[in-house]
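Input: a single structure, listed below in structure tokens.
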Amino acid sequence: MDLGLGRAELDACVTCALCLPHCPTYRVTGFDTHSPRGRIALMRAVQDQGAPLTTEIVESFDTCVQCRGCETACPSGVPFGRLMESTRERMVEAGYKPPVRIRAALRVLDHHKALQAGSSVLSLAQRLHLTPSSLSVPKRLPLRRPAMQKSGDDVHLFTGCVMDAWQRDVHVAVKQVIETCGFGVAPTGPGTACCGALHSHAGLGDAARTQARQVIAALDDDRPVLVDSAGCGAAMKDYGRLVGSSEAVAFSERVFDVHEWAADHIDGLPSVEPLDLRVAVQDPCHLRHVQKSHMSVRTVLTPFVRELVELDDDGLCCGAGGAYSVLQPELASSIRDRKTAAITNVSPDLVVSANPGCSLHLQQAGHEVLHPMELVARALRGVQAD
Amino acid sequence: MTVSRAPSGHHGAVARRKFRKTNTDRCVADLVAAIGADRVRADGASRLLASTDASIFVGGHAGPVCFPESTAQVQACVRVAAAHRRPVVARGAGSGLTGGAAPLGSAVVVSTTRMNQILEVDVDNRVAWVEPGVINLDLSNHLEDLGLHFAPDPSSQQVCTIGGNVANNSGGPHCLAYGVTSAHVLAIEVVLSDGEVVMLGGLDAEPGGYDLRGAFVGSEGMLGIATRVAVRLTRNPRSIRTLLLSFGDVESAAETVGAVIASGLVPAAIEMMDKRCVAAVEDFVHAGYPRDAEAVLLVEVDGLPGGVELQAQRVEEIANRFGADVRVASDPEERALWWKGRKSAFGAIARIKPDYYLHDTVVPRSKLVEVLRSIYEIIDRHGLLVLNVFHAGDGNLHPIIAYDSREPGVSEKVREAGREIIEVSLAAGGVLSGEHGIGVEKRDFMPLMFSDSDLDHQARLRAAFDELCVMNPGKVLPSPHSCSDIASLNDAGEDLWG
Ligand SMILES: Cc1cc2nc3c(=O)[nH]c(=O)nc-3n(C[C@H](O)[C@H](O)[C@H](O)COP(=O)(O)OP(=O)(O)OC[C@H]3O[C@@H](n4cnc5c(N)ncnc54)[C@H](O)[C@@H]3O)c2cc1C
Ligand code: SF4
Ligand code: SF4
């Protein structure tokens, strides 16, 4: 079966195994079928050697978190994320669809207005099994919130879907920080419902492309687009490839993770009393392995807290992976156990994560997790504790 | 299970497959009964992946793959395999470069990935007991706060297992000063082919009797399965200097290596990379390796701060004599990046060609220049491409032939060139393998190095541990010295996807 995989991209894997320990699913299962090298070999078997899509091969592909830790580790530059996205897309075309509830939930993400209404948020949460009991959705679930006010036209702040509905506090904090740097912020709002990242991870390529085109059309100018969710930012930086138009390429070049942008404008922030906290940095995979801008989180945060500590797990995934924690709950939780151990090792006062999915997933395991920008905003407001 | 896909008119084949399948089914059922369903994977995907390692060898055929979590479960697997007359092959991370972990004869594969606990660390005596699936680098990272590490540091250390290191007697850049794996293993608990558990070696300074531990280290999974290993821990050096020497030609680099060793210095590591190799790794790590140099040496000296300073100066003086450009790593980050580049070399080769084949011969240091020259000449003659990256201090060469197996006729040329490289290495007084082992890939080169009588003695040692020849059969010892019928092991076994 043709998985749409380029010859050169597949051939780039020389089976050296150096990626294995950087793969969360290999780490927790020890199975070659759950390793990057194994998954690539199975893609080859299916595409080139006539292997059927057996239950176990489907399982091998389905259990991939798409964290792309293997890409960072690979000396030979295998574009694993692309291989897996294409594989999933062809599998969906061939009838291996993601579960109904996930597809239904993804359809909700497409409709920003519906998502804004509290009832939809809850129904989405329930469909994704993200009800407060099974996954600590922020305690104060915002049923209806006033729209964020535009303060100028210097930069767009991408407000997204899940994030906007659940984590408006984060956008508010980010907006405050950018404004303090001296820039006017235009929150993107309804025209840009969803970035399409979850769709493309699920193999729903057409839906992802539709979302991408909508976002690009809605932000049709030349101002920077700042994103405070690492997963969304990674997807939007990839619109050029996903959509393939020169317009999309130009758009992707305007996309910045908010920390990346803030690190370049940090001189605009006043020096204030740092928060008296020991803070552990959890790097979302799509910031570290995909955008590769995780260091800017440290640059931005360092002046504002007493102490930043690193986890000793070499950036291994936490297991959240968009909808992964819902689709593969057991693996997601074993993977998270490793992260929990790494966090416990450094005994921080709290953890920061620049991705809402990771935050929720870690909160569910009892960690106190904030967005880095929430701490910066807090320090700027001169409030030691919220 | 069904055989309905077999083409009609092949009754013999169908009957044979049916027999094999039921045979396999019973073996799988017994394995499941012995160690639990979630620890046995008998599907085509799992078996396909357990059939290979990091080498280019593609003739492996795995049977059921087991993931035991204790010595008792390894014993159980071995016993079930024996009852079903199946060979047994231990598998670590599958990073081996000679097909060592690639099973022949539809063997029961015993993967150690779930036996990955560091059981005990005795800081006072500098010994740790570990399970065989512990990853080499995980062990050293775990020990870092104690100021200790496990000295053998193969370039694959981020992934390879202690069990694999023991089986292949693996080396690494820093083994120049510290010695290879056998110098760092005190005792090994082993499950033998009949399921018996024995302890080889011991923690005493001089355990009595023959050094069976020594025989096991480097036995490539053919004497038994290591289930616990007592490893010696090495104190982290107080101070380290890492130098990057760049040269206008390969000969000057090789001569510098000789001169450094001749001066009486014992650097912790001396690694060499030629121009093509530098280009490949630099594309990955962006470590600032000089792309215009014909060869670079990465030299590390360690010890007490004052002494290290002096040693580094001496190395620099010698290098200068051979026209080198010398840089010293300015901080631990730069040092780490230089090493990351060196240790990624094999994987980075795909940036040049999709396949690689490498040899691992060791030649006397005094012959380095001469052998290197011959290697370049052999490669040119065959119209191939070679990248050289190796443990120069030990004379342990790793000429990597980069090629594209889809180009017609190229694989044959690669093999022929490989053979010639071995011949010039041996003619220079060298040996077949420095650290990667023989496996199946280098097996048929053994007679170039050993006489019939040598090989028979090796076979006898093997038979003393494994009379029935069930542990990783068909490896290392070529026909007719092997106790197994290698031709029958090469039989494809049952269809993966049937
Ligand atoms: C990029 C790269 C760099 C490398 N660099 C080096 C290097 O610098 N130096 C070096 O020496 N090697 C190097 N190697 C080769 C390889 O990594 C080593 O041989 C390593 O020790 C293999 O470990 P493994 O866990 O992957 O073993 P595997 O490949 O899984 O197995 C290797 C052999 O060990 C046997 N085995 C595994 N576990 C056990 C056990 N518990 N009991 C008995 N037998 C067992 C297997 O049957 C097999 O014969 C490199 C490989 C790669 C891909
Ligand atoms: S590190 Fe890259 S080349 Fe090596 S096995 Fe993994 S994907 Fe393949
Ligand atoms: S993307 Fe993540 S989970 Fe998937 S193979 Fe790579 S490292 Fe493993």
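Protein chains in written order, with the numbering used here: chain A, 18 to 403; chain B, 603 to 1100. The beta carbon of each residue, even a glycine, is placed where N, CA and C say it ideally should be.
{"Item": "Should residue 53/A be counted as a contact of ligand 3 given a C-beta to heavy atom distance under 7 Å?", "Value": "yes"}
{"Item": "Please confirm whether any heavy atom of ligand 2 lies closer than 7 Å to the CB of residue 1004/B.", "Value": "no"}
{"Item": "Counting only beta-carbon atoms, is residue 77/A nearer than 8 Å to chain B?", "Value": "yes"}
{"Item": "Beta-carbon of residue 321/A versus every beta-carbon of chain B: anything under 8 Å?", "Value": "no"}
{"Item": "Just how far apart, CA to CA, sit residue 849/B and residue 1057/B?", "Value": "42 Å"}
{"Item": "Judging by CA-CA distance, which residue of 27/A, 165/A, 219/A, 196/A is the nearest neighbour of residue 184/A?", "Value": "165/A"}
{"Item": "Roughly how many whole angstroms lie between the Cα atoms of residue 658/B and residue 287/A?", "Value": "59 Å"}
{"Item": "Tell me the rounded alpha-carbon separation between residue 596/B and residue 958/B.", "Value": "Only positions 603 to 1100 of chain B appear in the structure, and residue 596/B is not among them; the question remains open."}
{"Item": "Would residue 30/A be called buried (16 or more neighbouring beta carbons within 10 Å of its own) or exposed?", "Value": "buried"}
{"Item": "Look at the alpha carbon of residue 949/B and the alpha carbon of residue 632/B, and state the distance between them as a whole number of angstroms.", "Value": "39 Å"}
{"Item": "Can you give me the Cβ contacts of residue 269/A inside the same chain, cut-off strictly under 6 Å, excluding the 5 residues immediately before and after it?", "Value": "254, 256, 257"}
{"Item": "Kindly confirm or deny that the segment 704–722 of chain B and the segment 956–971 of chain B touch, where touching means at least three C-beta pairs closer than 8 Å.", "Value": "no"}
{"Item": "Straight-line CA distance for residue 688/B to residue 1040/B?", "Value": "22 Å"}
{"Item": "Does DSSP classify residue 1099/B as helix, strand or coil?", "Value": "coil"}
{"Item": "Taking Cβ positions, are residue 961/B and residue 1023/B nearer each other than 8 Å?", "Value": "yes"}
{"Item": "Report the option in 701/B, 906/B, 808/B, 736/B whose CA atom is closest to the CA atom of residue 822/B.", "Value": "701/B"}
{"Item": "Mind listing which residues of the segment 55–88 of chain A have their C-beta closer than 7 Å to chain B's C-betas, in chain order?", "Value": "55, 58, 59, 62, 68, 69, 71, 73, 74, 77"}
{"Item": "From the DSSP output, in three-state form, read off residue 143/A for me.", "Value": "With a pLDDT of only 49 at residue 143/A, under the threshold of 50, the placement of this residue in the model should not be trusted; the figure read from the coordinates follows. Three-state result, residue 143/A: helix."}
{"Item": "Applying the 10 Å Cβ sphere with the 16-neighbour rule, what's the burial state of residue 750/B?", "Value": "buried"}
{"Item": "Can you have a look at residue 965/B and say buried or exposed, based on whether 16 or more other CB atoms are within 10 angstroms of its CB?", "Value": "buried"}
{"Item": "Quick one: residues in its chain with C-beta nearer than 7 Å to the C-beta of residue 196/A, no 5 flanking neighbours on either side, listed in chain order?", "Value": "168, 202"}
{"Item": "Could you compute how far the alpha carbon of residue 262/A sits from the alpha carbon of residue 226/A?", "Value": "11 Å"}
{"Item": "If you draw a straight line from the C-alpha of residue 32/A to the C-alpha of residue 54/A, how long is it?", "Value": "6 Å"}
{"Item": "In chain A, which residues lie less than 8 Å from residue 579/B when you measure between Cβ atoms?", "Value": "In the structure as shown, chain B begins at 603 and stops at 1100. Residue 579/B is therefore absent and cannot be evaluated."}
{"Item": "Report the rounded CA-to-CA distance for residue 783/B versus residue 50/A, giving the unit in angstroms.", "Value": "29 Å"}
{"Item": "Cβ atoms of residue 392/A and residue 369/A: under 8 Å apart, would you say?", "Value": "yes"}
{"Item": "Cβ of residue 48/A less than 8 Å from any chain B Cβ?", "Value": "yes"}
{"Item": "Taking 8 Å as the CB-CB limit, is residue 959/B close to chain A?", "Value": "no"}
{"Item": "Answer yes if the segment 349–357 of chain A comes into contact with the segment 312–324 of chain A, meaning at least three C-beta pairs across the two stretches below 8 Å, and no otherwise.", "Value": "no"}
{"Item": "Got a sec: which bits of the segment 254–277 of chain A sit with their beta carbon under 8 Å from any beta carbon on chain B, in order along the chain?", "Value": "none"}
{"Item": "Locate the beta strand (DSSP E) running through residue 668/B, then write down its first and last residues.", "Value": "664–668"}
{"Item": "Inspect the beta-carbon positions of residue 224/A and residue 105/A and report whether they are closer than 8 Å.", "Value": "no"}
{"Item": "Could you list which residues in chain E have their beta carbon closer than 7 Å to that of residue 805/B, in chain order?", "Value": "Here the protein chains are A and B, and chain E is not one of them."}
{"Item": "Spell out whether any CB of chain B is found under 8 Å from the CB atom of residue 37/A.", "Value": "yes"}
{"Item": "Can you name the residues of chain A whose CB is closer than 8 Å to the CB of residue 650/B?", "Value": "58, 59, 62, 68"}
{"Item": "Given the structure, does residue 375/A come close to ligand 3, in the sense that its CB is under 7 Å from one of the ligand's heavy atoms?", "Value": "no"}
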